[in-house]
Amino acid sequence: MSGKNKAKKSKVYIVGAGPGDPFLITLRGFETLCKAEVILYDRLVNPLLLQYAKPNAEKIFVGKEPGKQKFSQDVINELLLKYASEGKNVVRLKGGDPYIFGRGSEEALFLKENGIDFEVIPGVTSALGASAYAGIPLTHRALITGVLFITAHEDPTKSESQIDFKSIAQLKNITIAIYMGAGRLRSVVESLIANGFDKDAESAIVVEGTTPRQRSFAATLCELPDLAEKTNLHPPLLTIISPSSRFQNQLNWFERNPLFGKKIITTRALDQSDSLFEKLIFEGAEVVPFQTFSTEQVSLSKSDFLELANKHFDWFVFTSQNGVRYFFSQLFENDFDSRFFGNSKIAVIGEKTAQEVRKYGLIPDFVPSKFNSNAFIEEFTQKYNISQLNIIRIKGNFVKDPVGEFLASKAHRYENLIVYRINKINPSEDEKSKIINADADAIIFTASSIVDNFFEIFGETIARKMLEKIKVFAIGPMTAESLESKGIMNIYVAEKHTIEGIIDLMKQVFSKKEDL
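Residue numbers (this note's numbering): 130 to 645.
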């Protein structure tokens, strides 16, 4: 091997992101997304997927809006070539499946011709996803023996349509899924009927399938064009002509989810939001993330940990998952393990923090019955003689800390160890405008510091006006008190101060079964 540095091997991954629900991306597709240095993504890709990219990944929108074309296919190809030639790993993130009406084959051929290494990762195509979410099986043993995919948006350079309506009209016991038909639905339906297709064939339309904005309608074939116009249906739209359309009302599980169609603003740091996003999406909600702060590790050296060990603390107190993660990651990086704690005990403030500790093979010695600061203080005081204890509190650099203040005033010896910083985020005017005009149904606050940041970002007047229009959910009484101090009174507080508790409360509130 020569002494020269070997050029970095690049690769382009053409990835199908699925039809809209971010959790329909494949594991392989998700893995490549998380490692990508450059991401070129389309309009129909769920933006939540981009939150999982590396912080320094370059994200480039190359989507085509209806009636517009910001990037031609030639420009997209050249961008793929440019970044791959720079030695970068590139993800070309496409809605649905790259090889089903997605021009993925054209991009793959271009890369092949230019000597660029590539991989194609299949995705859930909209006919599969939207039909399943709308309750319309593409096949049924007693009714259907085949499936046909058709695009209503053919290559405009063709001299004539390649769709053989006459042959299609002769097919029996089949499902026909028509892609991209919003603007040409009437002409497609008329062509089918003119060539002998049954005008009363069972059919359906699914708009924005697998998203919280999904709408689905069953009708006969001849009724579809008028139905689309009357209900103002728009792209992305999938037309399904199939005997199984009769099951749409029975099997439409997705649109019956408890939070279906509800638009929820979340305000947690993105690195803490995975489980929140997941739970909201699984209940049918549309997530609008608005990050008001980020977290950053405070570096600790091996000598810091040795000094800590020599102080022989009786208790290590963790009151957040972040504190646990940042402490243990550095503990292990500095060649220590769980034996570091010796005879010391561990106290946590909530079940989620306890779960985080258990990930490292340790079981907390104290967890209060209620997951808030007051319960921690009251129950810890009842159980232990604090005046005889040496306690260290593992925490972030936040100012409000009732647990720390109480322990500092009562313990024999007390210290804080800052293992992460909370950094305020200054959103752009465009990002703030999106939240102001989001027309949301609810917003979630999970900490008093987030409330303070939110009001600082928008200003007291605008923030109060926004929150007075929607339902405001707080994870616990301290967060609710912070909101009340800002003049917000329409607050729902979860009885169980966890993400699960908030989701359960939301389901009650939006189903009008409130018992608050």
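All residues carry an ideal CB built from backbone N, CA and C; glycine is no exception. What you are looking at is a predicted structure, and each value in this text was computed from that prediction instead of being measured.
| query | result |
| --- | --- |
| Rounded separation between histidine 441 and leucine 518 - CA only | 11 angstroms |
| Backbone CA spacing between valine 141 and glutamate 507 [nearest angstrom] | 57 angstroms |
| Delimiting residues of the alpha helix (DSSP H) encompassing proline 606 | 606 to 614 |
| Inter-residue spacing [alpha-carbon to alpha-carbon] between leucine 208 and asparagine 218 | 13 angstroms |
| Same chain, Cβ closer than 7 angstroms to glycine 630, neighbours up to 5 away in sequence not counted | Ala623 and Glu624 |
| Residue of Thr349, Thr368, Arg385 and Gly605 minimising C-alpha distance to arginine 375 | Thr349 |
| Where glutamate 485 falls, given that 16 or more other Cβ within 10 Å makes a residue buried | buried |
| Sufficient close CB pairs (3 or more, under 8 angstroms) joining the segment 211 to 227 to the segment 156 to 167 | yes |
| Length of the line joining the Cα atoms of valine 335 and arginine 468 | 57 angstroms |
| Sequence-distant residues of the same chain with beta carbon closer than 6 angstroms to isoleucine 579, five excluded per side | Thr396 and Thr421 |
| First and last residue of the uninterrupted alpha helix (DSSP H) at leucine 162 | 156 to 164 |
| Touch test, the segment 242 to 252 against the segment 166 to 178, Cβ-Cβ under 8 angstroms, three pairs minimum | no |
| Tyrosine 262 beta carbon less than 8 angstroms from that of asparagine 281 | The identity of residue 281 in the sequence shown is alanine, whereas the question assumes asparagine. No, they are not a contact pair. |
| Helix, strand or coil at leucine 651 according to DSSP, with G and I counted as helix | With the chain covering 130 to 645 only, the question about residue 651 has no answer from this structure. |
| Alpha carbon of leucine 177 to alpha carbon of serine 214, nearest angstrom | 28 angstroms |
| Contacts around tyrosine 212, its chain only, beta-carbon distance under 6 angstroms, and the 5 residues preceding and following it disregarded | Val167 and Val219 |
| Nearest neighbour of alanine 268, chosen from Ile305, Leu300, Ala569 and Leu238 [CA to CA] | Here the sequence assigns threonine to residue 268, which means alanine is not the residue at that position. Threonine 268 has its Cα closest to that of Ile305, out of Ile305, Leu300, Ala569 and Leu238. |
| DSSP state of valine 417 mapped onto helix, strand, coil | strand |
| Contact belief for phenylalanine 457 with tyrosine 489 at Cβ below 8 angstroms, rounded distance in angstroms | 5 angstroms |
| Coarse secondary structure for asparagine 185, derived from DSSP in three states | coil |
| Per DSSP, the bridge partner or partners of lysine 392 | Glu415 |
| Isoleucine 632 and leucine 409 closer than 8 angstroms at C-beta | yes |
| Same chain, Cβ closer than 6 angstroms to arginine 542, five either side skipped, listed in chain order | Asn519 |
| Reference proline 365; option with closest CA among Thr339, Ile564 and Phe326 | Thr339 |
| Threonine 482, buried or exposed, once every other Cβ within 10 Å from all chains shown has been counted against 16 | buried |
| Top-ranked residue by Cα proximity to asparagine 175, from Pro184, Ala186 and Phe152 | Phe152 |
| Whole-angstrom C-beta distance between phenylalanine 574 and leucine 612, which should lie under 8 angstroms | 7 angstroms |
| Secondary structure of tyrosine 212, DSSP reduced to three states | helix |
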